[in-house]
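In my numbering, the protein residues as written are 6 to 94.
Just so you know, even glycine gets a beta-carbon here, dropped at the ideal spot from N, CA and C.
The structure appears right after this line, and notes come after that.
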Amino acid sequence: MKRNVSEYQMSLELGQNKNYIQGISSGKALPSMTQFFNICDYFCITPEQFFSDHDRPELIDAISEGIQELSDADLELLLLFIRRLQRNI
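Following this line, the structure appears as structure tokens:
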């Protein structure tokens, strides 16, 4: 999610005043829903990824998309594998 850009630069690239992002990051302001979606687009993430507490939400999304095409038998095997991995953590 990091893009290595200053708050000042990001504010201007989003078409806002130079202190816009600084106000949000300091907790003094909140973005509108439209601007929130623009911020997500800026970082090439979905709103769901923005709120995810996982370090690699794009990996979770890829896994989720991949399992949609699995057969029921394969899904059951995958679930067994996941449970086995969880026991070894």
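Legend entry - For F48, the three-state DSSP class (helix, strand or coil): In the sequence shown, counting from the first residue as 1, residue 48 sits at position 43. Coil.
Legend entry - Residue closest to N43, alpha-carbon to alpha-carbon, out of R92, L82 and Q21: Position 38 of the sequence shown, counting from 1, holds the residue named residue 43. For the residues R92, L82 and Q21, the minimum Cα distance to N43 belongs to Q21.
Legend entry - Close beta carbons around R8, own chain, < 7 Å, minus the five adjacent residues each side: Reading the sequence shown from its first residue, position 3 is the one you call residue 8. Answer for R8: F48, listed in chain order.
Legend entry - S30 - containing alpha helix (DSSP H), residue span: For the purposes of this step, residue 30 is identified with residue 25 of the sequence shown, where counting begins at 1. S30 -> alpha helix (DSSP H) spans Y25 to S30.
Legend entry - Contacting residues, own chain, Cβ-Cβ under 7 Å from H59 (five flanking each side not counted): The count along the sequence shown starts at 1 and reaches residue 59 at position 54. Once the five neighbours on either side are set aside, the close Cβ partners of H59 are I65.
Legend entry - Backbone secondary structure at L19 - three-state DSSP: Stepping through the sequence shown from its first residue, residue 19 is reached at position 14. Looking at L19 - three-state DSSP - the assignment turns out to be coil, as it is neither helix nor strand.
Inset, instruction - Can you tell me which of the three DSSP states P36 falls into? - result: Position 31 of the sequence shown, counting from 1, holds the residue named residue 36. In the structure shown, P36 sits in coil (DSSP, three-state: anything other than H, G, I, E or B).
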